[in-house]
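Keeping their order, the protein sequence lines are chains A and B.
Here the numbering used here is used: the first residue of the first sequence is 4, the next is one more, and so on.
Here the numbering used here is used: the first residue of the second sequence is 13, the next is one more, and so on.
We put the beta carbon where it would ideally sit given N, CA and C, even for glycine.
For reference, the structure is listed below as structure tokens.
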Amino acid sequence: MPRHRQFASSALLQKIARHSLALVATVLLGGFLAAVLVRLAPGFEVDERQLDPRLNSESVHALVQARAAPHNIFSFYVRSLERAIHGDLGTSISLGQPVSSLLRERAPLTLRLVALGLILSWTSAMALGLSAAWLRTTAYDALTTVLSGTFLCIPAAVLALLSVLWNLPGALAIALIVFPQVHRYARNLLAKAYNLPHIITARAKGLSESRILFWHVVPVVAPQLLAVAGVSVNIAIGAAIPVEALCGLAGVGQLAWQAALARDLPLLMNVTILVTLVTLLANSSADVIGHVLRSQQA
Amino acid sequence: MRLFRNNAWRTLACAVLLVVVVVSLAANWLAPAGYAKQYREATDAAPSGQHWLGTDEIGRDRFARVLYGTRISLLLAPAAALLSTLMAALIGGLAGYLGGTWTRAAMAVTDLFLSLPWLFLLITVRAVMPLNVTPLASVVVTFLLLGLLGWTSAARVLCATAGSLRDSDFVRQARALGVRPLRLFWLHVLPNLKPVLYAQFWISIPVFILTEANLGILGLGVAEPMPSWGSLLRELEGLVSLGEEPWKFVPLVLLAVVVTSFQFVLSEQQEAAA
Chain A
4 MPRHRQFASS ALLQKIARHS LALVATVLLG GFLAAVLVRL APGFEVDERQ LDPRLNSESV
64 HALVQARAAP HNIFSFYVRS LERAIHGDLG TSISLGQPVS SLLRERAPLT LRLVALGLIL
124 SWTSAMALGL SAAWLRTTAY DALTTVLSGT FLCIPAAVLA LLSVLWNLPG ALAIALIVFP
184 QVHRYARNLL AKAYNLPHII TARAKGLSES RILFWHVVPV VAPQLLAVAG VSVNIAIGAA
244 IPVEALCGLA GVGQLAWQAA LARDLPLLMN VTILVTLVTL LANSSADVIG HVLRSQQA
Chain B
13 MRLFRNNAWR TLACAVLLVV VVVSLAANWL APAGYAKQYR EATDAAPSGQ HWLGTDEIGR
73 DRFARVLYGT RISLLLAPAA ALLSTLMAAL IGGLAGYLGG TWTRAAMAVT DLFLSLPWLF
133 LLITVRAVMP LNVTPLASVV VTFLLLGLLG WTSAARVLCA TAGSLRDSDF VRQARALGVR
193 PLRLFWLHVL PNLKPVLYAQ FWISIPVFIL TEANLGILGL GVAEPMPSWG SLLRELEGLV
253 SLGEEPWKFV PLVLLAVVVT SFQFVLSEQQ EAAA
């Protein structure tokens with residue numbers, strides 16, 4: 004294997020190892036912070052059923068015993084970690100169901116919403132960005148910028164409310180929230196790429212637009228667009244909270260919102276760690292693929 | 013010509029922001045009855061000479077609530093932005109200036125925060141706080157959280173800028189002359205971070221305004237009866253059609269105008285930071 008190839012593959016392996024380490028560190032650190040917050044939250048060892056006057060002292064004592072937890076946060080964390088390794092993420096205080104089964108029930112809907120929202124937002128952002136770069140008309144460029152700027156100035160929750168008002172699907176609301184962020188970057192990147200000397204020359208020589216796009220523009224903008232793709236996953240997952248909460252969709256976003264309103268910390272912490280892992284995975288994948296593309300270009 | 017046009021837009025944006033701030037500060041004179049007074053004989057009323065934007069479902073004057081809500085959002089969002097910028101300067105700036113392990117550790121923590129969706133992080137921390145706090149405390153808690161959790165992206169930029177300053181000639185010369193590291197950071201590095209700090213401060217304000225609005229609509233922001241743009245926008249939840257009660261959209265229009273104005277002012281700051 005040539006020396007530069009060996010160097011590139013070892014750099015790639017290092018990058019993957021670094022990202023994997025970050026994922027493990029996130030789980031451990033995030034888990035610890037979650038355990039601290041849950042353990043120190045006011046009323047952790049109290050069960051409201053203790054106030055039920057119908058229960059006798061033995062029943063109340065049994066409830067207290069069931070809720071009793073180690074006072075040392077580290078041992079509480081280790082116990083929680085052991086349980087999590089065996090698939091037991093605890094029980095939701097507000098819903099009275101195992102957290103793992105709640106997540107299993109609700110994750111598919113959120114994944115579908117986020118995936119559809121991302122596809123719609125990227126398709127529309129790229130279509131508008133590309134058409135603006137091809138047409139090079141100030142009026143059209145201004146129109147598309149104003150359109151995305153308008154969505155940028157409206158809170159995500161209001162877009163979710165408007166989608167309910169107009170009977171639009173939740174995925175479209177997520178797309179409208181993600182679209183302006185993607186469009187802003189895509190438009191600038193594409194406009195810059197189409198002004199590169201070799202692309203202007205290719206256009207002047209009469210190359211077809213599709214050939215210019217796939218052979219000359221895409222290799223230039225792909226690494227940066229991949230970075231934006233990672234960030235857009237983060238935005239789309241964040242948008243799932245208002246969209247699911249206000250559109251009445253039973254996904255992970257709605258679960259997080261309900262848990263926050265009910266101060267159901269065990270559930271909220273597990274949802275947050277899960278969401279962090281998904282976004283970290285998306286960002287890491289985008290970074291590794293971008294690295295591969297850049298090293299191939301070099 | 014283009015520069016002139018850009019400046020004209022920025023001047024207009026600044027003028028709009030100034031008018032909105034002045035009008036909201038004059039809320040005590042423009043709406044002397046206050047935001048909590050209930051007109052029980054006129055609940056959910058349409059706009060009239062007495063109530064310019066009508067009343068809400070429990071008879072509170074909507075115009076007064078919009079004015080006071082604007083004042084809260086426009087005063088506390090910059091306060092939260094100031095807090096987050098200071099934290100970013102301390103964490104990012106200092107880590108970038110110290111370099112090595114400090115930079116790597118600070119960036120690892122920053123990346124961890126950045127990988128967490130903003131709203132998930134906020135509602136998680138908000139849920140740990142008591143939800144039955146007094147209205148005034150809820151305002152402080154909401155914006156304090158925004159300030160305490162919103163420093164990460166600014167810290168990243170400041171870390172990179174401070175890192176480049178660390179290797180600049182004047183810092184090397186000062187170090188060679190025996191200036192102590194903290195004094196060097198305070199007297200020589202921090203003043204050179206000012207343009208980036210200003211830009212980050214301005215960028216944070218519309219972000220915090222929009223985030224507070226999102227939290228308010230979800231019922232996790234400022235508590236009743238205190239108004240804020242978020243709590244005012246909750247009224248849109250009950251609408252059946254757009255044309256039904258258009259006056260209920262006034263807070264949304266005002267918020268969009270303010271955020272757009274900030275975007276125009278920001279374009280200059282972003283150029284300065286670049």
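Residue from the options with nearest C-alpha to residue i
i             : options                       : result
residue 122/B : 204/B, 88/B and 162/B         : 162/B
residue 109/B : 20/B, 175/B and 88/B          : 175/B
residue 117/A : 29/A, 26/A, 245/A and 264/A   : 245/A
residue 130/B : 289/A, 291/A, 170/A and 278/A : 278/A
residue 85/B  : 168/B, 59/B, 219/B and 252/B  : 219/B
residue 34/B  : 247/B, 87/B, 206/B and 111/B  : 87/B
residue 310/A : 291/A, 175/A and 156/A        : For residue 310/A there is no data in the structure shown, the boundaries of chain A being 4 and 301.
residue 231/A : 23/A, 171/A and 191/A         : 191/A
residue 243/A : 205/A, 161/A, 219/A and 212/A : 161/A
Expected contact under 8 Å - CB spacing of residue i and residue j to nearest Å
i             : j             : result
residue 224/B : residue 241/B : 7 Å
residue 82/B  : residue 67/B  : In fact, because the Cβ distance is near 18 Å, the residues do not count as touching under 8 Å.
residue 270/B : residue 65/B  : That pair is no contact at about 17 Å.
residue 260/A : residue 185/A : Their Cβ separation, rounded to whole angstroms, is 25 Å, which puts residue 260/A and residue 185/A out of contact at 8 Å.
residue 202/A : residue 215/A : 6 Å
residue 83/A  : residue 38/A  : 5 Å
residue 280/A : residue 30/A  : 7 Å
residue 273/B : residue 29/B  : 5 Å
DSSP-derived helix/strand/coil call for residue i
i             : result
residue 30/B  : helix
residue 286/B : Since pLDDT at residue 286/B reaches only 45, below the 50 mark, its modelled position is unreliable, and the value read off the structure follows with that caveat. The answer is coil: DSSP assigns residue 286/B none of H, G, I, E or B.
residue 94/A  : strand
residue 140/A : coil
residue 50/B  : strand
residue 123/B : helix
residue 107/A : helix
residue 218/B : helix
residue 187/A : helix
residue 73/B  : strand
residue 101/A : strand
residue 173/B : helix
residue 67/B  : strand
residue 230/B : coil
residue 67/A  : helix
residue 2/A   : Given that chain A is displayed from residue 4 to residue 301, the structure contains no residue 2/A and the question cannot be resolved.
residue 208/A : coil
residue 91/B  : helix
residue 12/A  : helix
residue 266/B : helix
residue 59/A  : coil
residue 250/A : helix
C-beta contact flag for residue i and residue j at 7 Å
i             : j             : result
residue 127/B : residue 286/A : yes
residue 181/A : residue 95/A  : no
residue 256/A : residue 247/A : yes
residue 214/B : residue 156/B : no
residue 92/A  : residue 81/A  : no
residue 132/A : residue 226/A : no
residue 20/A  : residue 298/A : no
residue 196/A : residue 250/A : no
residue 103/B : residue 167/B : yes
residue 186/B : residue 200/B : yes
residue 276/A : residue 90/A  : no
residue 263/A : residue 135/B : yes
residue 302/A : residue 109/A : What the structure shows of chain A is the stretch from 4 to 301, and residue 302/A is not part of that stretch, so it cannot be assessed.
residue 105/B : residue 205/B : yes
The ligand ZN heavy atom lying under 6 Å from the CB of residue i
i             : result
residue 238/B : As for the ligand ZN, it is missing from this structure, which has no ligand bound.
Residues from the stretch 161-178 of chain B in contact with chain A, defined by Cβ distance under 7 Å: none
Quick one, which residues of the stretch 249-264 of chain A are near chain B if we go by CB-CB under 9 Å, in chain order? 249, 256, 259, 260, 262, 263 and 264
Tell me which residues of the stretch 54-66 of chain B have at least one Cβ-Cβ distance to chain A shorter than 7 Å, keeping chain order. none
Scan the stretch 181-196 of chain A for residues whose Cβ lies nearer than 9 Å to a Cβ of chain B and list them as they occur along the chain. none
Residues in the stretch 212-235 of chain B having any Cβ partner in chain A nearer than 7 Å: 222, 225, 226, 229, 230, 231 and 232
Taking only beta carbons into account, state which residues of the stretch 278-292 of chain A come closer than 7 Å to chain B, listed in chain order. 278, 279, 282, 283 and 286
Taking only beta carbons into account, state which residues of the stretch 76-98 of chain B come closer than 8 Å to chain A, listed in chain order. none
Can you pull out the residues from the stretch 232-244 of chain A whose beta carbon lies closer than 7 Å to at least one beta carbon of chain B? 237, 240, 241 and 244
Please identify, using Cβ separations under 9 Å, the residues of the stretch 133-164 of chain A that lie next to chain B, in order along the chain. 152, 153, 155, 156, 157, 158, 159, 160, 161, 163 and 164
Quick one: which residues of the stretch 85-111 of chain A get their C-beta closer than 7 Å to a C-beta of chain B? List them in chain order. none
By the 8 Å beta-carbon criterion, what residues does the stretch 127-149 of chain B contribute toward chain A? 127, 128, 129, 130, 131, 132, 133, 135, 136, 138, 139, 140, 142 and 143
Taking a Cβ distance cut-off of 8 Å, strictly less, list which residues of the stretch 8-28 of chain A are near chain B, in chain order. 25 and 28
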